[in-house]
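In UniProt numbering, the protein residues as written are 1 to 151.
Heads up, the beta-carbon is just placed ideally off N, CA and C, and yes, glycines get one too.
The structure displayed is predicted, hence computed values, not measured ones.
Presented below is the structure to which this report refers.
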Amino acid sequence: MSDFEAIADRVQIEALRGEHFDAPMLGDYDRFASLFTEDAVWRLPFANVELVGRKNIRVGIERLQRAWEFWVQNSHSGTIQIDGDTATGRDYVFEIGRQRDGRSVVMYGLFHDRYQRTPDGWKFTERVLEPRYLDTTPLTGAPPQGSWDDH
(Lines of atoms letter the chains of each structure in order from A; the text may use other names.)
(Lines give C-alpha, C1' and ligand atoms only; values in the text may rest on other atoms or scores of the structure.)
Protein backbone atom coordinates (compact mmCIF):
# COMPACT_ATOMS: atom_id res chain seq x y z
CA MET A 1 0.00 0.00 0.00
CA SER A 2 1.35 3.42 -0.93
CA ASP A 3 1.62 6.27 1.53
CA PHE A 4 -1.12 8.04 -0.45
CA GLU A 5 -3.48 5.05 -0.07
CA ALA A 6 -2.77 4.82 3.65
CA ILE A 7 -3.47 8.56 4.06
CA ALA A 8 -6.69 8.23 2.03
CA ASP A 9 -7.83 5.30 4.21
CA ARG A 10 -7.20 7.29 7.38
CA VAL A 11 -9.08 10.31 6.05
CA GLN A 12 -12.02 8.10 5.06
CA ILE A 13 -12.13 6.44 8.49
CA GLU A 14 -11.97 9.85 10.22
CA ALA A 15 -14.87 11.01 8.03
CA LEU A 16 -16.82 7.86 8.98
CA ARG A 17 -16.27 8.60 12.65
CA GLY A 18 -17.38 12.20 12.14
CA GLU A 19 -20.58 11.05 10.43
CA HIS A 20 -21.28 8.82 13.44
CA PHE A 21 -21.62 11.96 15.60
CA ASP A 22 -23.26 14.21 13.02
CA ALA A 23 -26.08 11.93 11.83
CA PRO A 24 -27.85 11.36 15.17
CA MET A 25 -27.35 15.00 16.23
CA LEU A 26 -29.38 15.94 13.14
CA GLY A 27 -31.88 13.09 13.50
CA ASP A 28 -30.70 11.39 10.29
CA TYR A 29 -31.05 7.79 11.45
CA ASP A 30 -30.92 6.30 7.95
CA ARG A 31 -27.52 7.94 7.40
CA PHE A 32 -26.39 6.72 10.83
CA ALA A 33 -27.33 3.11 9.99
CA SER A 34 -25.59 3.35 6.60
CA LEU A 35 -22.26 3.81 8.41
CA PHE A 36 -22.36 0.16 9.53
CA THR A 37 -21.97 -3.12 7.67
CA GLU A 38 -25.11 -5.26 7.42
CA ASP A 39 -23.95 -7.49 10.29
CA ALA A 40 -22.30 -4.82 12.45
CA VAL A 41 -22.62 -4.55 16.22
CA TRP A 42 -23.07 -1.29 18.15
CA ARG A 43 -22.67 -1.66 21.92
CA LEU A 44 -23.12 0.51 24.98
CA PRO A 45 -22.39 -2.16 27.63
CA PHE A 46 -22.78 0.21 30.61
CA ALA A 47 -26.37 0.92 29.45
CA ASN A 48 -27.13 -2.71 28.51
CA VAL A 49 -27.50 -1.76 24.83
CA GLU A 50 -26.40 -4.10 22.06
CA LEU A 51 -27.72 -3.52 18.56
CA VAL A 52 -26.81 -6.17 15.97
CA GLY A 53 -27.28 -5.59 12.26
CA ARG A 54 -27.87 -2.41 10.29
CA LYS A 55 -31.67 -2.63 10.56
CA ASN A 56 -31.59 -2.99 14.36
CA ILE A 57 -29.03 -0.21 14.64
CA ARG A 58 -31.37 2.07 12.64
CA VAL A 59 -34.38 1.29 14.84
CA GLY A 60 -32.33 1.39 18.04
CA ILE A 61 -30.65 4.75 17.48
CA GLU A 62 -33.98 6.44 16.81
CA ARG A 63 -35.50 4.89 19.94
CA LEU A 64 -32.51 5.93 22.04
CA GLN A 65 -32.46 9.48 20.65
CA ARG A 66 -36.15 10.02 21.42
CA ALA A 67 -35.32 9.63 25.11
CA TRP A 68 -33.27 12.85 25.13
CA GLU A 69 -34.59 16.34 25.81
CA PHE A 70 -31.21 17.53 24.48
CA TRP A 71 -27.92 15.82 23.77
CA VAL A 72 -24.55 16.84 22.37
CA GLN A 73 -21.52 14.68 21.60
CA ASN A 74 -18.04 15.75 20.57
CA SER A 75 -15.27 13.46 19.43
CA HIS A 76 -11.52 13.67 19.58
CA SER A 77 -9.53 11.53 17.18
CA GLY A 78 -7.79 8.51 18.60
CA THR A 79 -5.81 5.80 16.88
CA ILE A 80 -6.29 3.93 13.61
CA GLN A 81 -4.43 0.74 12.68
CA ILE A 82 -5.06 -0.40 9.10
CA ASP A 83 -4.47 -4.00 8.03
CA GLY A 84 -5.49 -4.36 4.38
CA ASP A 85 -9.27 -4.15 4.11
CA THR A 86 -9.83 -4.10 7.89
CA ALA A 87 -8.81 -1.68 10.59
CA THR A 88 -9.17 -1.05 14.30
CA GLY A 89 -9.19 2.19 16.22
CA ARG A 90 -10.27 4.29 19.14
CA ASP A 91 -12.23 7.54 19.14
CA TYR A 92 -12.56 9.70 22.27
CA VAL A 93 -15.93 11.21 23.14
CA PHE A 94 -17.47 13.85 25.39
CA GLU A 95 -21.24 13.74 25.85
CA ILE A 96 -23.67 15.97 27.73
CA GLY A 97 -27.43 15.83 27.82
CA ARG A 98 -30.65 15.45 29.70
CA GLN A 99 -33.18 12.73 29.10
CA ARG A 100 -36.91 13.45 28.99
CA ASP A 101 -37.33 11.68 32.35
CA GLY A 102 -34.99 14.26 33.94
CA ARG A 103 -31.84 12.12 34.15
CA SER A 104 -28.69 14.04 33.22
CA VAL A 105 -25.43 12.75 31.79
CA VAL A 106 -21.94 14.18 31.47
CA MET A 107 -19.62 11.49 30.14
CA TYR A 108 -16.08 11.20 28.86
CA GLY A 109 -15.17 7.92 27.22
CA LEU A 110 -13.87 6.16 24.19
CA PHE A 111 -15.20 4.07 21.37
CA HIS A 112 -13.35 0.87 20.51
CA ASP A 113 -13.85 0.32 16.78
CA ARG A 114 -13.48 -2.26 14.06
CA TYR A 115 -13.78 -1.14 10.43
CA GLN A 116 -14.18 -2.90 7.09
CA ARG A 117 -13.46 -1.57 3.62
CA THR A 118 -16.56 -2.13 1.46
CA PRO A 119 -17.50 -1.17 -2.11
CA ASP A 120 -19.24 1.83 -0.49
CA GLY A 121 -16.18 2.86 1.52
CA TRP A 122 -15.11 2.17 5.08
CA LYS A 123 -17.88 1.03 7.47
CA PHE A 124 -18.05 0.11 11.13
CA THR A 125 -18.26 -3.61 11.86
CA GLU A 126 -18.19 -2.98 15.61
CA ARG A 127 -18.36 0.10 17.82
CA VAL A 128 -18.27 -0.24 21.61
CA LEU A 129 -18.50 2.72 24.01
CA GLU A 130 -16.47 2.58 27.22
CA PRO A 131 -17.14 5.44 29.64
CA ARG A 132 -14.13 6.62 31.62
CA TYR A 133 -15.98 9.32 33.58
CA LEU A 134 -19.72 9.57 34.22
CA ASP A 135 -21.54 12.31 36.13
CA THR A 136 -25.31 12.11 36.56
CA THR A 137 -25.64 15.28 38.65
CA PRO A 138 -28.69 17.20 37.41
CA LEU A 139 -27.77 19.76 34.76
CA THR A 140 -28.91 23.30 35.50
CA GLY A 141 -28.69 24.65 31.95
CA ALA A 142 -31.01 24.17 29.01
CA PRO A 143 -30.90 24.51 25.26
CA PRO A 144 -31.53 28.04 23.97
CA GLN A 145 -35.11 28.87 23.04
CA GLY A 146 -35.99 29.40 19.39
CA SER A 147 -34.60 27.90 16.26
CA TRP A 148 -31.29 28.41 14.53
CA ASP A 149 -33.31 28.41 11.32
CA ASP A 150 -34.67 31.83 12.37
CA HIS A 151 -31.21 33.44 12.13
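Given this structure, state the Cα-to-Cα distance separating glutamate 69 from valine 59, to the nearest angstrom.
Sequence index remark: in the sequence shown, residue 69 carries index 69 (1-based). Sequence index remark: in the sequence shown, residue 59 carries index 59 (1-based). Each residue's Cα considered, the two are about 19 Å apart.
Is the beta carbon of phenylalanine 124 sitting closer than 7 Å to the one on alanine 40?
Reading the sequence shown from its first residue, position 124 is the one you call residue 124. Reading the sequence shown from its first residue, position 40 is the one you call residue 40. Contact: yes.
Counting along the chain, where does the alpha helix (DSSP H) carrying phenylalanine 46 start and finish?
For the purposes of this step, residue 46 is taken as residue 46 along the sequence shown, with counting starting at 1. Neither: phenylalanine 46 is in no alpha helix (DSSP H) and is coded neither H nor E.
Compare the C-alpha of arginine 66 against each of Asp28, Phe46 and Thr37 and name the closest.
In the sequence shown, residue 66 corresponds to position 66, counting from 1. Of Asp28, Phe46 and Thr37, the residue nearest in Cα terms is Asp28.
Is the beta carbon of leucine 129 closer than 7 Å to that of phenylalanine 111?
Reading the sequence shown from its first residue, position 111 is the one you call residue 111. Reading the sequence shown from its first residue, position 129 is the one you call residue 129. Yes, Cβ-Cβ distance for phenylalanine 111 and leucine 129 is below 7 Å.
What residue does the alpha helix (DSSP H) around arginine 131 start on, and which one ends it?
Against the sequence shown, residue 131 aligns to sequence position 131. According to the sequence as given, residue 131 is proline; it is not arginine. Counting along the chain, proline 131 falls outside any alpha helix (DSSP H), though it belongs to the beta strand (DSSP E) covering 121-135.
Excluding the five sequence neighbours on either side, which residues of its own chain have a C-beta within less than 8 Å of the C-beta of proline 45, listed in chain order?
Here the question's residue 45 lines up with position 45 in the sequence shown. Cβ within range, chain order: Val128, Leu129 and Glu130.
Just to check my reading of the structure: glutamate 95 and glutamine 73 have Cβ atoms closer than 8 Å, yes? What is that Cβ distance to the nearest angstrom?
To locate residue 95, count along the sequence shown from 1; it is residue 95. To locate residue 73, count along the sequence shown from 1; it is residue 73. Indeed they touch by this definition, with Cβ atoms about 5 Å apart.
Compare the Cα-Cα distances from isoleucine 57 to each of Arg117, Leu35, Gly78 and Trp122 and report the closest residue.
Translated into the one-based positions of the sequence shown, residue 57 becomes position 57. When each option's Cα is compared against that of isoleucine 57, the closest is Leu35.
Please report the residue range of the alpha helix (DSSP H) in which arginine 10 lies.
Residue numbering aside, residue 10 sits at position 10 when the sequence shown is read from its first letter. Where arginine 10 is concerned, the enclosing alpha helix (DSSP H) stretches over 3-25.
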